[in-house]
């Protein structure tokens, strides 16, 4: 049996338990916080202006908008808004952002399934995303692919196929039609096209299942063999043998688990940001006392950080560790506003120019294994003192409820609904709250 | 200046001449022949059933259908039908099918431009497709990417951007938004998902320009550098230095030029098919006199032929050189019907099982240079005789007018319109003929 069909059988047989479901509930909280906040930006308004005129008739909700449209356009828009701030969840095995791909696809695909079943479908989709990421290995991302979309397309197809209860052979077709649409280059990081990649993947996953249901098949072994998805997209680190063993035991959502971001900038800056904020809290160095900053990564640990020390705007600054450390020093915190479309100040640029990156060549190369991740920040002060801090894990938020309440202007009703919902009626009520709320 | 911006400047300055325009007119003839014939198949009907329900309102023509829809859905459908039979044009530098990507994108994007300008935009888009193909080199295709879609996305964006008269910086953004959507795996060859790849690319090109016009930018250097499109997707054969020199002198549509297929099967089988038909015409061997067939390719020359000697249907048989040679021997010709959804006969399978492939290891590896292509067919007859023929070029049709008349049931009015049209009114008349004709 082909590897693709074996994966499809694992997907079809998946029955996530209570722990996974609780984690999925937090993930939905985090996704909605990001999408609601993201729907207010001018980049989302421009994206909406591109896609609404061609939208078909439909009743699918567009978060933060009065528009009700066909499911695929809704999937595009709700994925864009979820990733617009780059503040949404991250998964190490996938090396990307699953929530803003999977939830929009599931919201658009839902035909009356219960709240619990939608959350379970998310767990299944995330399992596929994580397993595909492990199978591709680190080269996929390092060479230039944006895993949120390349991996996300097949994972979203799997999540939607599971939600619909398709049999294994049809799930294999959906995986095939999803994976063959997997595109997106990291060269778009720091631009307003990065969230479009999430949108591409959400749409691809939904359309994959729509095509299967219309009777299209495609190869049922697209992941397999020397020219299949894993070998082709994994380069020299492809490891198809990592796809299936240990499936759901524990679920990828439980271990390594999702990271809910504290800061609205690239995860690859977070250990360094945590280290800098720790040094500020402990030693209170003033920005003008800092003569030099050195930030040390494992080899490959700064692959995502394609913006150098001179970003033009906060959006570009999301991918500049130099800017992140400079803003932390200047502001003594990292607010969402530090990463908006405002031009970067001269003070931040001057400070960012004093930051140097290096790799610790004695450390293992950063991979899809979160244990390989670290950052060390060393400050040299003008009086000659040296302050140093090493962080070995992205801390993240254990519960994104505060983030959600901030994003919605303290909508406790909506939060309580997400926290408790189980049934079909519960999910319908979520949608009506999302549609009626002052978002 | 980035390579992407340099390419954008070349595109903006392009002014195709009369020779290129005449070739583009033949290409449109060939595309419409294939789309009209392709729109009758059950695979197209299934594809239409997947995408029409979500279509937006619009007046864009769907070839072979009464539907009038939003431009992006029309681009999807008109690209699918054009590639459904795998009978459409091929370009060696691109290593793919440009017409069925570029024309649907241009038809959907047109806002009243003249017939001549649409044909010129095709020449420009094909130049980009060919140049990108040469820059990626042979590894892109051989490792498993389907260049029709991966290369086609950026090329379609360029064609539409040129049609709209965008300035170079906006063309660079369109290239960026097109290329970042470039996906599609060769593993789908022999399935009804292959034409979806052409559809993905046509839609991607159109949407790229729609997004630029709505104010999205993206990276203006996405083709560049070690993680850019060319380096990432070209593997070890990436050659960005081949992108620009000699631009339009001659145009890629003039040399190496387009191949208009004689047979509705993969181009990689055509030299072998020509050789077999030549041997049949010269020596008239009966099928049951043939004990063994050996077909020799340059190394990599059968990369596209992913179906082995036992296809289940004629559609799969498009990618089986063994089946193609067997059908030629049985039928003494290769009709379009040999490659439809009918199950393969026992006689064809028995004969296909007697065909062996080999590579001539002394020949240069097959690349994007058409001079590297050849096939040699050797028949061993039951009486011990050996018949041998070598073909070094895909012959193709010099003029696809007969193919067009066959596809349309002898619609000479429509053909004459394509052959002569120049003005805005001429193109409008083409559309009304396409809409009204019994297709």
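Residue numbers (full-length UniProt numbering), protein chains in the order written: chain E, 1 to 439; chain Z, 1 to 439. Every residue gets a Cβ at the ideal spot worked out from N, C-alpha and C, and that includes glycine. Owing to the predicted nature of the structure, the values given are computational and were not obtained by experimental measurement.
In the displayed model, residue 265 of chain E falls within coil according to three-state DSSP, outside both helix and strand. In the assembly as shown, residue 281 of chain E is an exposed residue. Its beta-carbon has fewer than 16 other beta-carbons within 10 Å. Residue 291 of chain E is classed as exposed because its beta carbon has fewer than 16 other beta carbons within 10 Å across all chains shown.
Inter-residue distance for residue 334 of chain Z and residue 129 of chain Z is about 29 Å (C-alpha atoms, whole angstroms). Contact of residue 320 of chain E with chain Z is not assigned, every C-beta pair being separated by 9 Å or more.
Excluding its 5 nearest sequence neighbours in each direction, residue 318 of chain Z has C-beta neighbours in its own chain below 6 Å: 86, 265, 266, 339, listed in chain order. Between residue 119 of chain E and residue 60 of chain E, the gap from beta carbon to beta carbon reaches 9 Å or more.
Straight-line measurement puts the Cα of residue 414 of chain E at about 6 Å from the Cα of residue 433 of chain E. Ranked by how close their Cα comes to the Cα of residue 131 of chain Z, the residues Z:34, Z:256, Z:227 have Z:256 in first place. Straight-line spacing of the CA atoms in residue 115 of chain Z and residue 350 of chain E works out to 55 Å.
In the three-state reduction of the DSSP assignment, residue 417 of chain E falls in the helix class. Taken atom to atom, the span from the alpha-carbon of residue 373 of chain E to that of residue 301 of chain E is near 7 Å. Closest in alpha carbon position to residue 368 of chain Z, among Z:276, Z:10, Z:234, is Z:234. Under the 10 Å beta carbon count, residue 421 of chain E is surrounded by 16 or more other beta carbons and is classified as buried. In this structure, the alpha-carbon of residue 105 of chain Z lies about 35 Å from that of residue 327 of chain Z. Going by C-alpha positions, residue 417 of chain Z is about 9 Å away from residue 427 of chain Z. Closest by C-alpha distance to residue 232 of chain Z, out of E:191, E:183, E:224, E:261, is E:183. Judged by DSSP in its simplified three-state form, residue 25 of chain E adopts helix. Three or more Cβ pairs drawn from the region 182-199 of chain Z and the region 216-230 of chain E lie within less than 8 Å of each other, which places the two stretches in contact. Nearest in C-alpha terms to residue 37 of chain Z, of all of Z:431, Z:410, Z:430, is Z:410.
Of all residues in the region 177-207 of chain Z, only 177, 179, 180, 181, 182, 183, 184, 185, 186, 187, 188, 189, 190, 191, 192, 193, 194, 196, 197, 200, 204, 207 place a beta-carbon less than 9 Å from a beta-carbon of chain E.
For residue 91 of chain E, the three-state secondary structure derived from DSSP is strand. Below 8 Å, enough C-beta pairs join the region 33-47 of chain E and the region 73-88 of chain E to call them touching: three or more. With a 10 Å radius around the Cβ and a threshold of 16 neighbouring Cβ atoms, residue 376 of chain E comes out buried. Against residue 55 of chain Z, the close residues of chain E are 56, in the order they occur along the chain (beta-carbon pairs closer than 7 Å).
Residue contact with chain Z for residue 306 of chain E: present (Cβ-Cβ distance below 9 Å to some residue of chain Z). The three-state reading of DSSP puts residue 304 of chain E in coil, since its state is none of H, G, I, E or B.
In the three-state reduction of the DSSP assignment, residue 59 of chain Z falls in the strand class, which pools E and B. When Cβ pairs closer than 8 Å are counted between the two stretches, the region 171-178 of chain Z is seen not to touch the region 56-73 of chain Z, the count staying below three. For residue 69 of chain Z, the three-state secondary structure derived from DSSP is strand. The region 17-31 of chain Z makes no contact with the region 43-51 of chain Z; the number of CB pairs closer than 8 Å stays below 3. If you draw a straight line from the Cα of residue 16 of chain E to the Cα of residue 215 of chain E, it comes to about 29 Å.
For residue 362 of chain Z, there are no CB contacts under 8 Å within the same chain when 5 residues up- and downstream are skipped. Short of 8 Å from the beta carbon of residue 343 of chain Z, and not among the five residues preceding or following it, lie these beta carbons of its own chain, in chain order: 312, 313. Under the DSSP assignment, residue 235 of chain E falls outside any alpha helix (DSSP H); it carries neither an H nor an E label. In the three-state scheme derived from DSSP, where H, G and I count as helix and E and B as strand, residue 162 of chain Z is classed as helix.
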